[in-house]
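Participant: Here you go, one structure.
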Amino acid sequence: MDSLTQIVLGGAVAELVAGKKMGNKAIFWGAIAGTIPDLDVFLRAFYHPIDAALLHRGFSHSILFSIIFGPLLAWVFFHIYKKKYSFKCWLHLFFWGLITHPMLDMFTNYGTQFFWPLDTRITFNTVFVIDPLYTLPFLVCLVWAMFLKRDNPKRFKINLIGIVYSSCYLIWGVIVKLILLSQTQTVFSNEHISVNRSMVTPMPLTSFYWYTLGEDDSTYYVYYTSIFNGDEKKIERISKGNIRLENLKWKDINYSDKLNFMSNGYYILEQKNDTISYYDLRFGLTGKLTGEKVNKPVMGYQFITQNNVVHKAEQMNRGEAFEFVDFH
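Counting from -16, one number per residue, gives the positions in the sequence shown under the numbering used here.
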């Protein structure tokens, strides 16, 4: 999820396991620990854009990373603070600060390779990468706790309330998804559509509005569900088109398999002149957010071709997808 959320989670977990001994130092260093797994983004400049996307949420988001660097960081800070706090205290702080980061990211639609080096990406698709309803109440509880003395019983309780709330919010997302997923076959069948598979994921910034994507051999089917509105679903159809990843020709390394892995096979390709646009459909479309002014997938890449051979790949500017979004 976003950096602020991971800072809050890391700080709250550290306060839970070490706050009574370390006070606000626990929150500070826990917040730092909560951001460490995302530092792999600084390695992107040294990689091909597609390799960089696969690198993120790989090793740094694995249980192995936490097992290695949790004790290492604990040893370093145990000596920096001249053994003022026990090694065990630092170990709990850094291990839980590190490992809860990928555990939270599992709930997003991008997921993590939690069991790296296995290439299986674990994703529950139950919370968007930025969700104010998850983060803001959690943040309020943590900040409130910071202003109380470390031996004040209310400090522990208020921080615990934030952790329990955030955990319940994640459980809420799982329950909603399971309910909506159980309804997909009925919704498609009512329109005489037979899908090979389907997925359900929350829309940006909310867990109250959901996006369902199904597919057959030639078409993707999309509809939206508000938990406040039980009206009949309007299904949109998106043709898979004539271009598929396995048909692309690459100048150097063939990235077709990696792109298929990234999108879990939910993608479309559109060609305009010498540019091929690759869209990852798992992240949704902007149509409902922009009042249908723009209906483009949120996530994708652009491939520059010469003589129908891909010479260059660039990540699309996601800001353009939200240019026409009305947040009022």
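We put the beta carbon where it would ideally sit given N, CA and C, even for glycine. These numbers come from a predicted model, not from an experiment.
#1: Just to confirm the assignment, what range does the alpha helix (DSSP H) spanning Ile46 have?
#2: On the three-state DSSP scale, how would you describe Tyr152?
#3: According to DSSP, is Phe97 helix, strand or coil?
#4: Could you check what DSSP says for Pro136 in three-state terms: helix, strand or coil?
#5: Whole-angstrom Cβ separation of Gln289 and Asp257, contact assumed at under 8 Å?
#6: Glu253 by DSSP, collapsed to three states: which one?
#7: Please specify which runs of the alpha helix (DSSP H), each continuous and at least 4 residues long, are wholly inside the stretch -12 to 48, giving them in chain order.
#8: Are Leu196 and Leu264 closer than 7 Å when you measure CB to CB?
#9: Give the straight-line distance between the Cα atoms of His62 and Asn135, rounded to the nearest whole angstrom.
#10: With C-beta atoms as the reference, is Leu242 less than 7 Å away from Leu87?
#11: What is the DSSP secondary structure of Leu74, counted as helix, strand or coil?
#12: Determine whether the beta carbon atoms of Phe78 and Gly53 lie at a separation below 7 Å.
#13: Measure the alpha-carbon distance for Glu297 versus Asn212 and round it to whole angstroms.
#14: For Gln285, which beta-bridge partners are listed by DSSP?
#15: Only counting the same chain, and skipping five residues up and downstream in sequence, which positions put a Cβ closer than 8 Å to that of His31?
#16: What does DSSP give as the partner residue(s) for Gly197 in the beta ladder?
#17: Who are Pro280's beta bridge partners in DSSP?
#18: With respect to the beta strand (DSSP E) encompassing Val190, which residues constitute its N-terminal and C-terminal limits?
#19: Need the endpoints of the beta strand (DSSP E) that Ser222 sits in, please.
#20: Evaluate His75 with the Cβ neighbour count: other Cβ atoms within 10 Å of its Cβ, from every protein chain shown; 16 or more gives buried, anything less gives exposed.
#21: Per DSSP, what kind of secondary structure is Ser69 in: helix, strand or coil?
#22: Closer than 7 Å, CB to CB, is Ile51 near chain B or not?
#23: Just reading off the alpha helix (DSSP H) that Asp240 is part of, what are its end residues?
#24: Spell out the partners DSSP gives Lys316 in its beta bridges.
#25: For Ile113, name the three-state secondary structure that DSSP assigns.
#26: Thinking just about the alpha-carbon of each residue, which of Ile146, Thr167, Asn225, Pro85 is nearest to the one in Thr18?
#27: Nearest to Tyr261 by CA position, among Tyr250, Met245, Gln166, is which residue?
#28: Suppose the cutoff is 8 Å on Cβ atoms and the five residues either side in sequence are ignored; what does the same chain contact list for Thr127 look like?
#29: Nearest CA to the CA of Thr83: which residue from Ser190, Met5, Trp193, Ile146?
Facilitator: To lay it out plainly:
#1: 46 to 63
#2: helix
#3: coil
#4: helix
#5: 7 Å
#6: strand
#7: 7 to 18, 32 to 38
#8: yes
#9: 28 Å
#10: no
#11: helix
#12: yes
#13: 39 Å
#14: Ser260, Glu297
#15: Ile236, Tyr238, Ala296
#16: Ser181, Tyr204
#17: Leu268
#18: The question names Val, but residue 190 in the sequence shown is Ser. Element bounds for Ser190: n/a, residue is neither H nor E.
#19: 219 to 222
#20: buried
#21: coil
#22: Absence of chain B from the displayed structure is noted, only one protein chain being present.
#23: 239 to 246
#24: Beyond the ends of the chain as shown, which are -16 and 311, falls residue 316; an answer cannot be given.
#25: coil
#26: Pro85
#27: Tyr250
#28: In the sequence on display, residue 127 carries Trp and not Thr. Within the same chain, Trp127 has close Cβ partners Ile141.
#29: Ile146
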